[in-house]
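Taking mature numbering (1 follows the signal peptide of the UniProt record, and there is no 0), I'd label the letters of the sequence shown as residues -14 to -1, 1 to 314. Ideal Cβ positions, reconstructed from N, Cα and C, are used throughout, including at glycine.
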Amino acid sequence: GLLPLFSTVSPVLAAMVVLTPSPAMKQIPAINLSEPGSEALLVRACEDLGFFKVTEHDIPMELIAKLEEEALKFFALSPEEKELAGRANPFGYGSKNIGGHGDVGWVEYLLMPITSEPLSMAFLMHPSASSFRSALDEYALAVRKLACRVLELMAQGLGMEQRDAFRKLVADEESDSMLRLNHYPPCPMLRELNGFVTGFGEHTDPQIISVLRSNDTAGLEISLRDGSWVSVLPDRESFFINVGDSLQVLTNGRFRSLRHRVLANGWKSRVSMIYFGGPPLGERLAPLPEVMAEGEQSKYREFMWCDYKSCASKTLLGDNRLDLFHQA
Ligand code: GA4
């Protein structure tokens, strides 16, 4: 067949299968946060899909466009220059390799921690990187604020008395949050085949909440309850939000951690920027009594976020990591 041809171009492609995109899902819940009743819509979307998009978010387009521009400038550098960011382990620049156990995809990325100090990776401290650094700092601040606003509405929608129960975990100075810039360059080999390849393989995010923004190139696909996949129409003006494993645990399974993946194409590059909101490393996570009905059994055993993370780093991308924490 055609696949062995790929091995002459790239060993990564040799291991990949030519894919067809899933049918588009037109009715992704779109939520206007400033509209009354949005908290109920949020809760429903988190229960059904673990996914929704936020349309009126108050984050200026200039701030978003600035980071997109800086990201594209970075990805246009030579491989040697990009590797000055350090090889992703987990932080730094990565190309095709995801995680440490052989997962590959048609993607390059920059993964950065968000600390209370301004983003502090060494290469970003170089004077020539100052506009990149300030774009990252401003963006991180704005999306974290958005994540906090959404988390507060979720608690409200769940009728929790402690409105900040979720929010405070990512608002904490010590919260373990990060920013990821992904670039899916067009893969020319795919053109004549009219096909797609895995850019980022299917997985769930381990954190509490993820906030994604992409350019207008399609590629994101999400998994529905019945196991089928649908593609998400890109929307460069909105933010897509998904529930992570930790929020599934905190809500005792009421909110669903979203399984998702990204396909790369032969024509248009896709750029996405994702904020992952995690709790402080030493935070203990378990279903919150406030979200459980009377007599409801806890589905997960308590764990420390740092233990979940180190467990996750030993898994393959597509593994179901929460299975390890299910109550016997
Ligand atoms: C998925 C969500 C985030 O992108 C990420 C990823 C991380 C990585 O790229 O290093 C992981 C993946 C993610 C989950 C399982 C492990 C760790 C790759 C991988 C195979 C930064 C994260 O926190 O978990």
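Between residue 262 and residue 164, the beta carbon gap of about 5 Å places them in contact (Cβ cut-off 8 Å).
Residue pairing by DSSP places residue 199 opposite 259 in a beta bridge. Taken in chain order, the complete alpha helix (DSSP H) segments of 4 or more residues contained in the segment 213 to 262 are 231 to 236.
Between the alpha carbons of residue 65 and residue 215 lies a gap of roughly 34 Å.
For residue 295, the Cβ falls inside the 8 Å cut-off from some heavy atom of ligand 1. For the 9 Å CB-CB criterion, residue 253 and residue 149 do not form a contact.
Straight across, the Cα-Cα distance linking residue 283 with residue 192 is about 22 Å. Counting every other CB atom within 10 Å of its CB across the protein chains shown gives residue 6 a total below 16, marking it as exposed. In this structure, the straight-line span from the alpha carbon of residue 76 to that of residue 271 is close to 22 Å. At the C-beta level, residue 229 and residue 211 stay beyond 9 Å of one another. Spanning the alpha carbons of residue 198 and residue 67 requires a straight line of approximately 26 Å. For the options 205, 134 and 237, the alpha carbon positioned closest to that of residue 9 is the one of 205. Set against 8 Å, the gap from the CB of residue 309 to the closest heavy atom of ligand 1 is not smaller.
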